[in-house]
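Per UniProt numbering, the sequence shown starts with residue 1, numbered consecutively.
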Amino acid sequence: MPNPLTIGSRSDCDLVLNRASVSGRHCRLTRDPEGLLLEDLGSTNGTFFRGERITGPRRIDPTPGDTLYLGSCPLLCEEALAHLDRPAVEVIIGRGLACGLVIDQPMVSTRHARLFRRDGLLHLEDLGSANGTFVNGQRIRGPVEIAFSDAVSLGSWLLDIPDAVARLDRAVEEAPIAREGPDARPALETDDPAESTPPAASAAVDVGPAPVRRVRPWRLLAVVAATCLVAGAVAWTPGKSVPATLSSTAVLAMAAGLALGLLPRDAATIVPRRGTCSAELSAGTVGVLASICAALSIVVWMVIARAAGLTAPSMTASVLLILTSLAGMASSLAILALVRRPSKAWAVAGAATLLGVMLGGFVPALPSMPGLAARASGLSPARWAFEGLLILECGEQAPDPGAADRVASHSDAMETYFPAASHRMGLAADVLALVLLLGGSAGLAGFLAMDRHATGDTSVPAPEHA
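1) If you measure between the beta carbons of residue 267 and residue 299, is that distance less than 8 Å?
2) Does the beta-carbon distance from residue 389 to residue 249 come in below 8 Å?
3) Helix, strand or coil for residue 418 per DSSP?
4) Assign residue 232 to one of three DSSP states: helix, strand, or coil.
5) Taking the DSSP output, what are the residues bridged to residue 73?
6) Pairing CB atoms from the region 102 to 111 with CB atoms from the region 138 to 152, are three or more of them under 8 Å?
7) Quick check on residue 322: does DSSP put it in helix, strand or coil?
8) What is the rounded straight-line gap between the Cα of residue 5 and the Cα of residue 220?
9) Does the region 302 to 311 come within contact of the region 414 to 427, defined as at least 3 CB pairs closer than 8 Å?
10) Once DSSP output is grouped into helix, strand and coil, what is the label at residue 49?
11) Who are residue 40's beta bridge partners in DSSP?
12) Using DSSP with H/G/I as helix, E/B as strand and the rest coil, what is residue 306?
13) On the CB-based measure, 16 or more other CB atoms within 10 Å of its CB, does residue 50 come out buried or exposed?
14) Measuring CA to CA, which of 93, 302, 345 is closest to residue 123?
15) Short of 6 Å in beta carbon distance, which residues of its chain neighbour residue 238, apart from the five on each side in sequence? Order them along the chain.
16) Look at residue 378 and residue 433 and say whether their C-beta atoms are less than 8 Å apart.
17) DSSP three-state call for residue 85: helix, strand or coil?
18) Near residue 13, which residues of its chain fall below 7 Å by C-beta distance, leaving aside the five closest residues on each side in sequence?
19) Which whole-angstrom value describes the C-beta separation of residue 22 and residue 70, a residue pair presumed to lie in contact below a C-beta threshold of 8 Å?
20) Mapping DSSP to helix, strand and coil, what is residue 286?
21) Identify every residue that forms a DSSP beta bridge with residue 153.
22) Considering just the uninterrupted stretch of the beta strand (DSSP E) at residue 362, what are its terminal residues?
23) Exposed or buried, what is residue 149 when buried is set at 16 or more other beta-carbons lying within 10 Å of its beta-carbon?
24) Would residue 253 pass as a contact of residue 316 if the rule is Cβ separation under 8 Å?
25) Below 8 Å on the Cβ atoms is my guess for residue 350 versus residue 380; work out the distance and round it to an integer in Å.
26) What does the alpha-carbon distance come out to for the pair residue 305 and residue 442?
27) Quick one, are the C-beta atoms of residue 114 and residue 127 less than 8 Å apart?
28) Going straight from the alpha carbon of residue 229 to that of residue 138, what length do you get?
29) Between which two residues does the alpha helix (DSSP H) harbouring residue 253 extend?
30) Can you give me the start and stop residues for the alpha helix (DSSP H) that residue 59 sits inside?
31) Would you kindly work out how many angstroms separate the C-alpha atoms of residue 319 and residue 413, rounded to a whole number?
32) Helix or strand or just coil, what does DSSP make of residue 22?
33) Helix, strand or coil: which one does DSSP assign to residue 92?
34) Grouping DSSP H, G and I as helix and E and B as strand, with all else coil, what is residue 191?
35) Which residue comes first and which comes last in the beta strand (DSSP E) that contains residue 7?
36) Within 10 angstroms of its Cβ, does residue 551 collect 16 or more other Cβ (buried), or is it exposed?
Okay, structure coming up:
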């Protein structure tokens with residue numbers, strides 16, 4: 001027997017009507033051996049059938065053309081019956097390619113859990129997985145009701161609930177309509193084509209996959225705001241030398257990229273994802289992160305250059321900072337694919353940022369570094385950005401009569417941090433080094449996130465829960 005059909009404006013209802021007069025869980029339609037039962041669920045604007053308000057469970061016998069009214073929102077009875085008579089649908093979540101939602105991670109079992117609706121409410125059930133299914137830190141055994149605000153993890157992998165529910169809704173829409181006999185037809189069909197769903201009613205009822213994706217990129221906004229605040233502090237710090245300003249700018253671009261690269265799931269809320277690829281490899285997600293990196297790098301340079309009176313060409317300097325930020329982002333994506341646990345990934349990225357600062361070429365300067373550290377500095381995007389920015393700044397000739405002293409001081413700065421005879425590589429080499437770092441990190445991130453079925457690596461640490 002089909003499950004009851006819950007109708008309302010909430011995204012976890014079986015039939016979602018996006019109208020202001022429709023309550024979150026407005027009414028419920030049930031088919032039993034005696035016929036159809038319609039029940040209002042305490043809605044604000046009421047449920048009406050043939051002009052009468054439904055105040056409690058009531059038997060109805062709709063005919064073609066009958067319309068339910070949820071407040072002022074019309075719903076053809078045939079439309080509701082079409083959804084009611086669909087068989088129960090579930091989505092199997094796991095690593096197996098036959099699953100409805102494939103999560104290609106070693107801590108996820110082949111058939112890990114199933115997601116389904118019961119009485120209009122979302123339920124999740126573990127299917128005997130090796131690493132367990134957790135809801136708000138508690139391991140579950142049987143079916144458990146869940147909400148969008150719950151933290152659900154499969155082993156140590158955090159489940160994207162909106163994405164999983166979107167798959168469930170698509171499965172519901174694609175499910176065949178139940179038939180009661182060999183000659184039965186779908187409930188939406190009528191003998192007269194003119195009696196099918198009127199255009200006006202179709203326009204009034206927005207039925208389809210629920211709008212489950214909620215945009216919550218708060219951590220992205222926090223990173224952007226923090227970067228802008230630090231840029232302002234760098235720009236307006238009194239008495240800061242030009243090399244110190246340029247080094248801080250390079251480090252800031254690298255750190256912003258590292259932080260943004262740890263937020264692929266936040267970025268995934270901005271654009272819908274298609275297919276079964278993970279958030280880290282989604283083209284839309286990476287595009288969002290890369291766009292934020294580029295825009296933020298340009299803003300950082302404009303703020304710092306204007307406030308500090310820097311004269312380096314803005315376009316070339318912005319390109320250097322964009323490459324630096326993107327290299328940091330790609331490094332974080334590789335860290336996230338390797339470590340997998342966000343808390344540990346943030347710790348590793350923080351250590352990488354500190355190491356990048358130490359090897360950035362300012363304190364200590366490259367000539368003062370031990371041989372091994374000086375060679376390792378080539379792995380720091382901040383080192384190449386610092387040299388490139390310093391070359392750009394020293395190459396600018398000031399038009400005023402006192403420019404000679406400034407040019408001489410810049411020349412001294414170049415020799416202090418990047419002596420021409422030993423450590424100065426040139427602007428073209430700086431750009432090339434950043435491109436190679438970006439390409440290498442991006443390639444590593446892609447490789448680590450590829451299919452691991454052949455490796456058989458299913459051993460993972462114990463799950464982390466807040």
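Glycine included, C-beta positions come from ideal geometry on N, C-alpha and C.
The structure displayed is predicted, hence computed values, not measured ones.
According to the structure data:
1) no
2) yes
3) coil
4) helix
5) 70
6) no
7) helix
8) 38 Å
9) no
10) strand
11) 27
12) helix
13) exposed
14) The residue with the shortest Cα to Cα distance from residue 123 is 93.
15) none
16) yes
17) Coil.
18) 6, 7, 25, 120
19) 5 Å
20) helix
21) 134, 158
22) Looking at the DSSP string, residue 362 is not in any beta strand (DSSP E), and its letter there is neither H nor E.
23) exposed
24) no
25) Between residue 380 and residue 350 the Cβ distance is about 15 Å, and since that is not below 8 Å, they are no contact.
26) 29 Å
27) Yes, Cβ-Cβ distance for residue 114 and residue 127 is below 8 Å.
28) In a straight line, the C-alpha of residue 229 is about 39 Å away from that of residue 138.
29) 242 to 260
30) Where residue 59 is concerned, there is no enclosing alpha helix (DSSP H), although the beta strand (DSSP E) it sits in stretches over 58 to 60.
31) 22 Å
32) Residue state for residue 22 is assigned as coil, using DSSP reduced to three classes.
33) strand
34) Since pLDDT at residue 191 reaches only 35, below the 50 mark, its modelled position is unreliable, and the value read off the structure follows with that caveat. Residue 191 falls in the coil class under three-state DSSP.
35) 5 to 8
36) The question about residue 551 has no answer here: the residues shown for the chain are numbered 1 through 466.
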